[in-house]
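J.: Using the working numbering, the first residue of the sequence shown is number 401, and each one after it goes up by one. Even for Gly, the Cβ is constructed at its ideal location relative to N, Cα and C. It should be emphasised that the depicted structure is a prediction, and the values quoted were computed from it without experimental measurement. Below you'll find the structure I mean.
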Amino acid sequence: MAAVFDLVAGILASLNVRSALLCFIVFLILTLIVHRQRTRIKNPPPGPRSWPVFGCLPQLLRDFQEIPMHELFCSLGQKYGPVCLLNTPFGQAVVINGYEAVHESLTCEEFNWRTPGISRGIFHKLLRARGIIWASGDPWKEHRRFSLTVLRSFGIGKRSFEDQIATESECLIHEIAAGNGKPFNPTNLFCNAVSNVICSVVFGKRFEYHDPEFTNLLHLLEDSTNHMAIGILLMIMPFLTKIPFFPKGALPSLLQLRLNLKDIVNLHRDTYEKENMRDYIDVYLKDLQMKNEKGVETHLSDDELVAVVHDFFLAGTETTSTTLRWALLYMLKYPDVQKRVQEEIDSVVGRDRLPKLSDKSNLPYTEAVIHEIQRFASIVLLAIPRFTRSDVEFRGYTIPKGTPILPNLYSVTRDPSVWDEPGVFKPERFLDGDGQVRKIPEQIVFGAGKRVCLGEQLARMELFIFYTHLMHRFSFKKPTDVESLNTRPKPGGVLTPYPYDICAIAR
């Protein structure tokens with residue numbers, strides 16, 4: 401309890417009397433709401449001890465000071481089982497751990513809903529739309545179905561789109577080669593290259609790496625992503641924004657990013673031609689205009705278009721670029737793996753051309769390394785929160801309507817019942833006795849069920865092409881003044897590596 405009292409004392413000391421009184425009143429109201437909700441659960445899941453008023457917050461704060469969030473959530477599963485209830489002063493949440501329970505939660509129809517609070521929360525008031533990621537029901541179904549159709553029409557998931565990625569990969573290689581083997585931080589270059597691929601589909605063009613407009617968009621994206629944990633918390637509990645001292649985190653950057661994307665959409669509206677569809681935005685505008693002219697009921701709208709574009713920009717940039725950063729860091733950590741990948745690529749592809757998607761079936765070890773990088777890095781700690789649409793019986797427990805469900809994807813990648821030595825980087829786990837790639841159903845880095853990642857096929861194409869091209873052209877080494885590598889993830893909503901420098905030696 402001492403940690404809680406210290407926290408509260410520090411907060412109250414920084415407030416004037418009026419603000420302190422307001423916070424106290426809000427706190428009492430929330431406590432009454434939580435107490436009422438707790439009393440109606442007949443068969444709750446187990447969880448940390450719940451203190452009066454403060455719930456399990458004292459224990460969480462104490463544990464969080466000792467271990468990072470991704471390990472803390474896994475420890476909850478080890479102690480309380482795969483379904484764990486967290487009672488806090490602000491409400492309840494259920495954390496799901498382990499492959500079987502996580503997969504069941506991702507495929508459970510009753511858990512496919514997003515927070516009803518968004519419709520009345522500050523994010524909706526500021527941004528006015530939910531896009532695909534935060535939508536539910538018919539709006540989500542229409543946008544997902546429409547987006548899949550458009551992306552496929554542009555070749556996403558097909559080898560016809562390979563040239564688009566390969567072109568961007570060659571631009572990336574050119575930028576790296578210009579460094580002449582000197583140490584550099586790969587973060588921005590990877591972010592630029594990966595983002596340009598989705599920009600070519602959504603915006604109809606790629607940007608030069610030093611373009612001010614492009615640099616500003618990526619800066620806003622990075623800043624809003626860095627505060628993702630706070631952003632998700634505000635989406636789950638929008639009333640927290642009413643508390644004066646609560647950090648608003650991603651809101652300023654997120655709002656400015658949406659405004660910038662809206663300008664891009666408006667420019668398209670002024671220049672697009674119905675007979676010449678340049679990109680996703682053009683197709684959306686054309687379909688929206690057609691439906692409006694015919695009086696067809698639709699959830700497509702100008703505001704929703706901006707939200708969907710933002711979802712593509714976020715999902716199409718952050719996860720893949722972060723995975724590539726982990727990939728190079730692991731190549732520094734495990735030089736024998738890097739050498740074996742290069743030897744396999746050289747024997748199959750040769751030195752006269754870059755690898756292609758058609759080479760994948762002949763590069764089993766390289767593909768296994770990519771799978772292991774995704775598993776071992778496990779960059780998405782939690783699946784985006786889902787909410788129960790009604791009281792649900794799940795694995796023998798009662799979960800009330802409106803409860804946030806937090807599937808711990810990191811726990812799946814470290815589940816000892818699935819993976820032999822899960823804490824060891826071992827690409828061979830993805831190879832069968834004949835040295836060929838074997839599919840492991842428990843590898844669910846892109847999620848599962850109806851809300852499986854919309855860009856999974858694009859991400860798989862990008863990872864293979866970018867990674868194999870880099871391995872073909874360069875050998876990566878740590879700078880001579882670096883004694884040891886930090887491969888522990890930086891805590892946050894997305895598990896990223898700490899900044900590092902690397903030397904790319906042309907082969």
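#1: Please state the DSSP three-state secondary structure of Tyr797.
#2: Let me know the secondary structure DSSP gives Phe866 once reduced to three states.
#3: Along the chain, where does the alpha helix (DSSP H) that runs through Cys484 open and close?
#4: Please state if the CB of Tyr684 and the CB of Leu714 are separated by a distance shorter than 8 Å.
#5: In the DSSP assignment, the alpha helix (DSSP H) including Ser595 goes from what residue to what residue?
#6: Compute the distance between the beta-carbons of Gln492 and Leu485, then report whether it is under 8 Å.
#7: With Ile533 and Asp711 assumed to form a contact (beta carbons below 8 Å), what rounded beta-carbon distance in angstroms separates them?
#8: So Val502 and Pro445 are in contact, right, with Cβ under 8 Å, and what is the actual spacing, rounded?
#9: Tell me the residue span of the alpha helix (DSSP H) that contains Leu551.
#10: Three-state secondary structure (DSSP) at Arg669?
#11: Exposed or buried, which one is Val602 when buried takes at least 16 other CB atoms within 10 Å?
#12: Are Ser811 and Phe554 touching if we call contact CB-CB under 8 Å?
#13: Closest to His699 by C-alpha separation, out of Ser884, Leu688, Glu675, would be which residue?
#14: What are the partner residues of Gly491, as DSSP defines its beta bridges?
#15: According to the neighbour-count rule (16 or more other Cβ atoms, all chains shown, within 10 Å of its Cβ), is Tyr680 buried or exposed?
#16: Would you list the one or two residues that DSSP bridges to Gly849?
#17: Using a Cβ-Cβ cut-off of 7 Å (strictly less than) and excluding sequence neighbours within five positions of Gly579, which residues of its own chain qualify?
#18: Just how far apart, CA to CA, sit Leu863 and His619?
#19: Could you tell me which of Pro764, Leu870, Arg829 sits nearest to Leu729, measuring between CA atoms?
#20: Excluding the 5 residues preceding and the 5 following Phe596 in the sequence, name in chain order all residues of the same chain whose CB lies nearer than 7 Å to its CB.
#21: How close, in whole Å, do the beta carbons of Ile496 and Ile805 come, if the pair is a contact with beta carbons under 8 Å?
#22: What does the alpha-carbon distance come out to for the pair Pro800 and Ser790?
#23: Cβ of Arg909 within 8 Å of Cβ of Phe787?
#24: Phe473 lies in the alpha helix (DSSP H); which residues open and close that run?
#25: Would you mind sorting Asp773 into buried or exposed? The rule is 16 or more other CB atoms within 10 Å of its CB.
T.: Taking the geometry as given:
#1: Counted from its first residue, the sequence shown places residue 797 at position 397. Under the three-state reduction of DSSP output, Tyr797 falls in the strand class.
#2: The sequence position of residue 866 within the sequence shown is 466, counting from 1. Look at Phe866 here: in three-state DSSP terms it is helix.
#3: Your numbering for residue 484 matches position 84 in the sequence shown. No alpha helix (DSSP H) holds Cys484; the beta strand (DSSP E) holding it covers 483-488.
#4: As a first step, residue 714 must be located in the sequence shown, where it is residue number 314. As a first step, residue 684 must be located in the sequence shown, where it is residue number 284. The Cβ atoms of Leu714 and Tyr684 lie no closer than 8 Å to each other.
#5: Position 195 of the sequence shown, counted from the start, is the residue given in the question as residue 595. Segment 587-602, the alpha helix (DSSP H) holding Ser595.
#6: Numbered from 1 along the sequence shown, position 92 holds the residue referred to as residue 492. Numbered from 1 along the sequence shown, position 85 holds the residue referred to as residue 485. Result yes, Cβ atoms of Gln492 and Leu485 sit closer than 8 Å.
#7: The residue given as residue 533 occupies position 133 in the sequence shown. The residue given as residue 711 occupies position 311 in the sequence shown. Contact flag correct, Cβ pair sits at about 5 Å.
#8: As a position in the sequence shown, residue 502 is number 102, starting the count at 1. As a position in the sequence shown, residue 445 is number 45, starting the count at 1. Contact doesn't hold; Cβ gap of about 14 Å is too wide.
#9: Stepping through the sequence shown from its first residue, residue 551 is reached at position 151. It spans 537-553 - the alpha helix (DSSP H) in which Leu551 sits, taken as one unbroken run.
#10: As a first step, residue 669 must be located in the sequence shown, where it is residue number 269. In the structure shown, Arg669 falls within a helical segment according to DSSP collapsed to helix, strand and coil.
#11: Counted from its first residue, the sequence shown places residue 602 at position 202. Around the C-beta of Val602, 16 or more other C-beta atoms lie within 10 Å, and the residue is accordingly described as buried.
#12: Position 411 of the sequence shown, counted from the first residue, corresponds to residue 811. Position 154 of the sequence shown, counted from the first residue, corresponds to residue 554. No.
#13: For the purposes of this step, residue 699 is taken as the residue at position 299 of the sequence shown. Closest option to His699, Cα to Cα, is Leu688.
#14: Translated into positions along the sequence shown, residue 491 becomes position 91. According to DSSP, which records beta bridges pairwise, Gly491 is partnered with Thr488.
#15: The residue given as residue 680 occupies position 280 in the sequence shown. The Cβ neighbour count for Tyr680, taken over all protein chains shown within 10 Å, is at least 16; the residue is labelled buried.
#16: Residue numbering aside, residue 849 sits at position 449 when the sequence shown is read from its first letter. The bridge partners DSSP lists for Gly849 come to none.
#17: What you label residue 579 is simply residue 179 of the sequence shown in a count that begins at 1. Scanning its chain for C-beta atoms nearer than 7 Å, with the 5 sequence neighbours on each side dropped, one finds around Gly579 the residues Ala904, in chain order.
#18: Along the sequence shown, one-based indexing puts residue 863 at 463. Along the sequence shown, one-based indexing puts residue 619 at 219. So the two alpha carbons sit approximately 22 Å from each other.
#19: Numbered from 1 along the sequence shown, position 329 holds the residue referred to as residue 729. Among Pro764, Leu870, Arg829, the Cα nearest to that of Leu729 belongs to Leu870.
#20: Within the sequence shown, residue 596 is the residue found at index 196, counting from 1. As written in the sequence, residue 596 is Asn, which differs from the Phe given in the question. Counting only residues of its own chain and dropping the five nearest sequence neighbours on each side, Asn596 has a CB closer than 7 Å to the CB of Glu568, Arg606, Phe607.
#21: Numbered from its first residue, the sequence shown carries residue 496 at position 96. Numbered from its first residue, the sequence shown carries residue 805 at position 405. The C-beta separation of Ile496 from Ile805 comes to about 7 Å, placing the pair in contact by the 8 Å criterion.
#22: Sequence index remark: in the sequence shown, residue 800 carries index 400 (1-based). Sequence index remark: in the sequence shown, residue 790 carries index 390 (1-based). As the crow flies, the alpha-carbon of Pro800 is around 7 Å from that of Ser790.
#23: As shown, the chain starts at 401 and ends at 907. That puts residue 909 outside it, with no answer to give.
#24: Locating residue 473 in the sequence shown gives position 73, where the first residue counts as 1. 469-480 is the extent of the alpha helix (DSSP H) around Phe473.
#25: Counting from one through the sequence shown, the residue named residue 773 turns up at place 373. Residue 773 is actually Ile in this sequence, not Asp. Only buried fits Ile773, as 16 or more other CB atoms lie within 10 angstroms of its CB.
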